[in-house]
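Protein sequences appear in the order of chains A and B.
Under our numbering, the first residue of the first sequence is numbered 3, with each subsequent residue one higher.
Under our numbering, the first residue of the second sequence is numbered 1018, with each subsequent residue one higher.
The C-beta atom is built at its ideal place from N, Cα and C for all residues, glycine as well.
Take a look at the structure set out below.
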Amino acid sequence: AQSVAQPEDQVNVAEGNPLTVKCTYSVSGNPYLFWYVQYPNRGLQFLLKYITGDNLVKGSYGFEAEFNKSQTSFHLKKPSALVSDSALYFCAVRDRSGGYNKLIFGAGTRLAVHP
Amino acid sequence: GAVVSQHPSRVICKSGTSVKIECRSLDFQATTMFWYRQFPKQSLMLMATSNEGSKATYEQGVEKDKFLINHASLTLSTLTVTSAHPEDSSFYICSASNPAGGFNEQFFGPGTRLTVL
């Protein structure tokens, strides 16, 4: 079964500093990986995805993620954090079992950016 | 583009009553819709997948008679929580996709917070 793990419940970073939110995956076959962000009492917003191609994927709001096959990781990064980046971040992997493109989500990582 | 709405955004009901939540794709036709629930400070758990015009496929452990899903058109899916109880209180989120139409990702609605008293 496909799965992703987010080892950190919370990440704290000072505004202006680089941030990393970690995600590792376990899949059979080629991984289709996603990052979503959730603000309080809101649905999920798509940030970026990796399907194939360059290992460095650029997404919305200045975020990027690096696909590392040898480490089975897909960490989310941003060079300079903003206070407005504070939110809940989910890594997800596509699961095709049952014939649908289901998403399996990690537990989520709360990012807190301090002024 | 690819906007998904949910209605209502918040609902409070008494134990034993039924509640219907609507999920609409506003600017594209969604052949497939997904329903998730999210408990406080937890991840999204997929409840069921529905294709327009056919029965929903429920994930293991989800009671299909309790969580009725109808995907009657390409722009509307409904989730009815029947005989709701306090343990059904949660944040319910839907998403929509249409791979054949080029909408491969899932586009998420804003969620519905259900509180059962």
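A:K79 vs A:T22 beta-carbon contact at 8 Å: yes
For A:C93, the residue or residues it bridges with in DSSP: A:W37
Top-ranked residue by Cα proximity to A:S35, from A:R112, A:A7, A:A114, A:H116: In the sequence as displayed, the identity of residue 35 of chain A is Leu instead of Ser. The shortest C-alpha separation from A:L35 is found at A:A7.
C-beta neighbour in chain B for A:N32, strict 8 Å: no
For B:C1196, the first and last residue of its enclosing beta strand (DSSP E): The structure shown has nothing for residue 1196 of chain B, since chain B only spans 1018 to 1134.
Cβ-Cβ distance between A:E10 and A:V115 below 8 Å: no
Beta-carbon spacing of B:A1101, B:T1034 below 8 Å: yes
A:Y63 - DSSP class collapsed to helix/strand/coil: helix
Beta-carbon proximity check, B:I1038 vs B:Q1059, cutoff 8 Å: no
Residue closest to B:D1082, alpha-carbon to alpha-carbon, out of B:P1127, B:C1030, B:T1099: B:T1099
Meets three-Cβ-pair contact criterion under 8 Å: the stretch 47 to 62 of chain A and the stretch 98 to 115 of chain A: no
Secondary structure of A:S99, DSSP reduced to three states: helix
Same chain only: Cβ atoms within 7 Å of B:I1110, ignoring 5 sequence neighbours per side: Y1053, Q1055, L1061, F1125, G1126, G1128
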